[in-house]
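Enquirer:
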Amino acid sequence: RRQTSRGAAAAATRIVCFDESRRRGHAAATSRGGDTCRYATVEAGDVDLATPGSCKVGDATVEVVDALDDYVAMLGECFDFAKIRNFVESCKPPLLFDAMHGAAGPAASRVLCDELGVPRASLYRCDPRPDFGGAHPDPNLKWASELVRRASLKEDGSPGPELGEALALGVAFDGDGDRNMIVGHRFFCSPSDSLAVLAANANSVKWFSDRGGLAACARSMPTSRALDRVAAKQGLECYETPTGWKFFGNLMELKSPFLCGEESFGTGADHVREKDGLWAVLAWLQILASHNAPESPLVTVEAIVKTHWATYGRNYYCRYDYEGVDKPGAVAMMDAMTAATASNTGRVVGGYTVATADVFGYTDPVDGSVSLNQGIRFLMADGSRVIFRLSGTAGSGATVRMYLEKYTPPSGKLHEVCANVIGDLVAVAFELSQIVKFTGREKPTVIT
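Numbering follows this note's numbering, with no gaps: position 348 of the sequence shown is 1201.
#1: Note down, in chain order, each residue of its chain lying with its Cβ closer than 7 Å to the Cβ of residue 1309, except the 5 sequence neighbours on either side.
#2: Take the Cβ of residue 902 as the centre, count every other Cβ of all protein chains shown within 10 Å, and call the residue buried at 16 or more, exposed below.
#3: Just tell me which of 1188, 939, 1119 has its CA closest to the CA of residue 1046.
#4: Among the residues of its own chain, which have a CB less than 6 Å from the CB of residue 1011, if the five just before and after it don't count?
#5: For residue 1211 and residue 1147, I'd like the C-alpha separation in whole angstroms.
#6: Can you tell me whether DSSP reads residue 1045 as helix, strand or coil?
#7: Does the Cβ-Cβ distance between residue 1116 and residue 1057 come in under 8 Å?
#8: What are the boundary residues of the alpha helix (DSSP H) that residue 1160 is part of?
#9: Count the C-beta pairs between the stretch 1186 to 1197 and the stretch 1278 to 1292 that are closer than 8 Å, then say yes if the count reaches three, no if not.
#10: Give the range of the beta strand (DSSP E) segment to which residue 909 is assigned.
#11: Taking DSSP's pairing of strands, which residues face residue 1233 in a bridge?
#12: How would you write the range of the beta strand (DSSP E) that residue 1069 sits in, first residue to last?
#13: By the 10 Å Cβ neighbour count, where 16 or more other Cβ atoms means buried, how is residue 1220 classified, buried or exposed?
#14: In the DSSP assignment, the beta strand (DSSP E) including residue 951 goes from what residue to what residue?
#15: For residue 860, I'd like the list of residues in its chain whose CB is within less than 6 Å of its CB, leaving aside the five on either flank, ordered along the chain.
#16: Would you tell me roughly how many angstroms separate the C-alpha atoms of residue 1199 and residue 1255, rounded to the nearest one?
#17: Go through its chain and collect everything with a Cβ distance to residue 1055's Cβ below 6 Å, but skip five positions before and after it.
#18: Within this structure, are the beta carbons of residue 1138 and residue 1145 separated by less than 8 Å?
#19: Exposed or buried, residue 954, counting other C-beta atoms within 10 Å across all chains shown (16 or more means buried)?
#20: Can you give me the C-alpha to C-alpha distance between residue 1038 and residue 969, rounded to a whole angstrom?
#21: Flag this pair as touching only if the stretch 916 to 935 and the stretch 944 to 958 have three or more C-beta atom pairs under 8 Å; answer yes or no.
#22: Go ahead and pull the three-state DSSP assignment for residue 1012.
#23: Tell me, please, which residues DSSP counts as bridged to residue 971.
#24: Roughly how many whole angstroms lie between the Cα atoms of residue 1004 and residue 1300?
#25: Given a cut-off of 8 Å on the beta-carbon distance, is the pair residue 895 and residue 911 in contact?
#26: Give me the residue from 913, 1177, 1086, 1169 with the minimum Cα distance to residue 1267.
#27: Between residue 1084 and residue 1052, which are expected to be in contact by the criterion C-beta below 8 Å, what is the C-beta distance as a whole number of angstroms?
#28: Between 1196, 936, 1259, 1040, which has its C-alpha nearest residue 1171's C-alpha?
#29: Could you say which of 1135, 1176, 1202, 1272 lies nearest to residue 1293 if we only look at CA atoms?
#30: In the DSSP assignment, find the unbroken beta strand (DSSP E) run with residue 1024 in it and report its ends.
#31: Out of 952, 1019, 1106, which has the shortest C-alpha to C-alpha gap to residue 1034?
#32: Buried or exposed: which applies to residue 890, given that a residue is buried once 16 or more other Cβ atoms fall within 10 Å of its Cβ?
#33: My assumption, with CB atoms under 8 Å, is that residue 1291 sits in contact with residue 1182. Please give the rounded CB distance.
#34: What are the boundary residues of the beta strand (DSSP E) that includes residue 902?
#35: Which term fits residue 1059, buried or exposed, when burial requires 16 or more other beta carbons within 10 angstroms of its beta carbon?
#36: To the nearest angstrom, report how far apart residue 934 and residue 1133 are at their CA atoms.
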């Protein structure tokens, strides 16, 4: 037990852990008062973590619960399960869900199959494995290769050889199930477009419609401005934050219901203060259910996104990841661009005028905290953007992320291959960053 300064007692935290080497269970409690701390253990038998129930460990009662029960109940508040199930059973859409041998597998099986009637044959790699089956559990076009193949896509997201299976919706989750990639038949939906489509169709989602409609939304700075266009048209507040879900968590204190997302395949709402891959998938299923009726031609992910572009225009968008880069070279490149922000502002490169070159910073509207050095931005006069960030979250060394965005209005060419549209912007990014010189890399590791 912990004694507070006012003398009130706070309940101790009892932790049950499992020691594989000695096959012995321990219960522990900590106590703090001034500079003292006590850690106690007790000899006890094994705790069966696979079976819900309770047992005694010393004088403590340990309860094992199935967290999926609470999670399914929460999702039932967010979505109209009956409507989604009716869509699945009556329209029989071709679906494929790839959990990449990660944590999303059991939840996907419980929710999609047991609750919504999705055939189990539509689930792929849904058995969790400690090594993820020897694969890299990152939901992108490179690592979700079987999903990409069955969606008749190439690794760059462009249409590939036609296969017989025409997926209405395909999804890949990451290792811990909080991120998601959305594809359709010969169609890749970028995370930025996915977020914008969810915002535009928020009234189809029970979580939003039951609360008077979406109140506000947010995106990370590198995420495309597609969400901003929806927010502007619908009169919603839209926030631009640094990369990191904690910034969204604070914003949830301001307005509710709330939708947010990142270009790195993270999407979520204020039902929890974290991104939630399965929630995003159910949101897509809910939107598909709202757009489809039995005996009518199937409305797919591709059709919904293209209708969205016809209304809001298209933000052609791409991310280049340079993984395992020598860190000193990457830091030197970022430092050089930072030092040149003033001289680059107003510069003309490859036909583009750099209206603003700066280093992104953010002041949190809730707690007033300031986050500096959150990425280097080149904002072009025509609305295009080139952004660079240095990340340490993708394994050894440093990862340089280069983001490219170019907007086309509804009256423009909306159905081009992204790589062809932004090709000239790639050359501009190389010139502004001198990335080949600083990193020695001619090509990125992954293009998304």
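Think of the CB as a built atom: it goes at the ideal place given N, C-alpha and C, for glycine as much as any other residue.
Expert: By the coordinates alone:
#1: Any question about residue 1309 goes unanswered here, given that the chain covers just 854 to 1301.
#2: exposed
#3: For residue 1046, the nearest C-alpha among the options comes from 1119.
#4: 1270
#5: 52 Å
#6: helix
#7: no
#8: Here the alpha helix (DSSP H) through residue 1160 covers 1154 to 1165.
#9: yes
#10: Here the beta strand (DSSP E) through residue 909 covers 906 to 910.
#11: 1207
#12: 1069 to 1073
#13: With fewer than 16 other Cβ atoms from the protein chains shown falling within 10 Å of its own Cβ, residue 1220 counts as exposed.
#14: 948 to 951
#15: In this predicted model, residue 860 has a pLDDT of only 32, less than 50, meaning its place in the structure is not dependable; the value taken from the coordinates is given anyway. Nothing listed; no residue qualifies.
#16: 21 Å
#17: 1061, 1067
#18: no
#19: Buried, by the Cβ-count rule.
#20: Near 22 Å, if we compare the C-alpha coordinates of residue 969 and residue 1038.
#21: Using a Cβ-Cβ distance cut-off of 8 Å, the stretch 916 to 935 and the stretch 944 to 958 are not in contact, since fewer than three pairs of beta carbons, one from each stretch, lie closer than that value.
#22: strand
#23: Beta-bridge partners assigned by DSSP to residue 971: none are found.
#24: 18 Å
#25: yes
#26: 1169
#27: 7 Å
#28: 1259
#29: 1176
#30: 1022 to 1026
#31: Answer by Cα proximity: 952.
#32: exposed
#33: 5 Å
#34: No beta strand (DSSP E) holds residue 902; DSSP gives it neither H nor E.
#35: Residue 1059 is buried by the Cβ-count criterion.
#36: 14 Å
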